[in-house]
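Here is the structure we will look at.
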Amino acid sequence: MTAIPDGNLGVQLLGKTNRIVAGHLNEAGDDLDGATSDVTDNAVMAVAEYVIRGFESALEVDYDDGVTYRIVVTKIGPPDPVTGMRTGLLPNGEIVGYAPTPHQDKGIEDDDEGK
Numbered sequence: 002m003t004a005i006p007d008g009n010l011g012v013q014l015l016g017k018t019n020r021i022v023a024g025h026l027n028e029a030g031d032d033l034d035g036a037t038s039d040v041t042d043n044a045v046m047a048v049a050e051y052v053i054r055g056f057e058s059a060l061e062v063d064y065d066d067g068v069t070y071r072i073v074v075t076k077i078g079p080p081d082p083v084t085g086m087r088t089g090l091l092p093n094g095e096i097v098g099y100a101p102t103p104h105q106d107k108g109i110e111d112d113d114e115g116k
């Protein structure tokens, strides 16, 4: 659970559903209390924009246990109308091709799995 410093709001990853929710903190400030809102789609999109704008599409996050995670945002163009292939531009300038996937037409907001 992560508290928002300037208020009584927090965000939390729900382990059972793998969704991100936001809501008001309890009095102890260590959990959400009452109604929550699923903000998964907005959170993912906000993090992607944050990484693109502030870190040239790649950000490393260091954890207390010594593990580092790297978040990389790849710009991927629209599918080719004939082949369905997509072209991506990696942060280092490398261009890569992506084959069509069964979920290619689904946006983040259409993912109802786990709700």
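In the numbering used here, the protein residues as written are 2 to 116. Glycine residues also receive a C-beta, built at the ideal position from the N, C-alpha and C atoms. In this text the structure is predicted, and so the values were computed from the model without any measurement.
| task | To the nearest angstrom, report how far apart G78 and V40 are at their CA atoms. | result | 25 Å
| query | DSSP beta-bridge partners for A23? | reply | V12 and S38
| T69 to V62, Cα distance in whole Å? | 6 Å
| Cβ-Cβ distance between V189 and T37 below 8 Å | Residue 189 lies beyond the range of the chain shown here (2 to 116); nothing can be said about it.
| message | Let's see if you can read the secondary structure: which residues bound the beta strand (DSSP E) around Y64? | response | That residue, Y64, is in no beta strand (DSSP E); it is neither H nor E in DSSP.
| message | Measuring only the C-alpha atoms, how far is A44 from G85? | response | 28 Å
| Residue environment, L14, which counts as buried when at least 16 other CB atoms sit within 10 Å | Exposed: under 16 other Cβ atoms inside 10 Å.
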